[in-house]
Amino acid sequence: MRDFVELMVGATASGCIYALVALSYLLITRPTGVINFAVGEWAMVAAFGGFLALSRFELPYPVGMAMVLVIMAV
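Be aware that the sequence shown starts at 8, since it is given in this note's numbering, and climbs by one per residue.
Here it is, written out as structure tokens:
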């Protein structure tokens with residue numbers, strides 16, 4: 008049962024990430040009519056930044072994610 012719950016949480020997290028990337032494509036494509044393929048690149052930069060903040064610099068999770076959000080907003 009524990010494996011099932013872990014699998015469901017992981018699948019839900021992955022689904023949420025895919026939904027956010029799809030929403031960002033939609034928010035750019037609808038008004039402009041142009042598909043911007045750099046959205047995936049920015050998502051990858053954010054993921055790599057989060058990985059570095061949590062593993063390399065050993066920051067607490069909320070601090071690391073807040074740092075990534077601030078950096079990606081600039």
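For each residue, glycine too, the CB sits at the ideal point set by N, CA and C.
Among Leu66, Phe11 and Leu27, nearest to Met51 - alpha-carbon criterion: Leu27
Gly56 and Val75: beta carbons closer than 8 angstroms? yes
Taking the straight line between their C-alpha atoms, what separation do you get for Phe44 and Val16? 28 angstroms
On the CB-based measure, 16 or more other CB atoms within 10 Å of its CB, does Gly40 come out buried or exposed? exposed
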